[in-house]
Amino acid sequence: MKRLILTILLALSLAAPGVFAASEKDYNSHFGDMDTNKDKGVTWEEFKAFFAHAEQEKFQEADMNKDDKIDHGEWHKFKEKYGYGHVQK
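For the sequence shown, position 27 (counting from the first letter as 1) is numbered 27 according to my numbering, and the numbering increases by one without interruption.
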C-alpha cells in the first residue's frame, strides 16, 4: 500500500510539476509580475495575492526602507540574499 501511494505521488509530480508548488517557500519572481497596478511598488496585498504561501515576515524583510512597499531595488537585494537569480521573461 505504501509503495502504491509513493508511486501515485511520483506520477503526479512528473505529470504536473506545479501541483506541489503551493507548499514551497519560493519567492523567486519577476518584479513586474507582482506589481499588478504598475506603480513601481509591491504592497502586502499584491505580494500575498501573487504568492499563495506569502509570509508577512518575508514581505517586511524585503521592504528594507519600511515604507510598506517593495520597490524594484529592494526586491533584487532580497532575492540576491536568498540566492535567487534574475527571472527572464
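Glycine is no exception: its CB is placed at the ideal position from the N, C-alpha and C atoms.
Restricting attention to Met34, Asp39, Met64, Gly41, the CA atom closest to the CA of Phe50 is found in Met34. Per the C-alpha coordinates, the member of Tyr27, Met1, Asp26, Lys40 positioned closest to Asp67 is Lys40. Around the Cβ of Glu74, a 10 Å sphere holds 16 or more other Cβ atoms; the residue is buried. If you draw a straight line from the Cα of Phe78 to the Cα of Lys2, it is about 40 Å long. Here the alpha carbon of Ser29 sits roughly 12 Å from the alpha carbon of Glu80.
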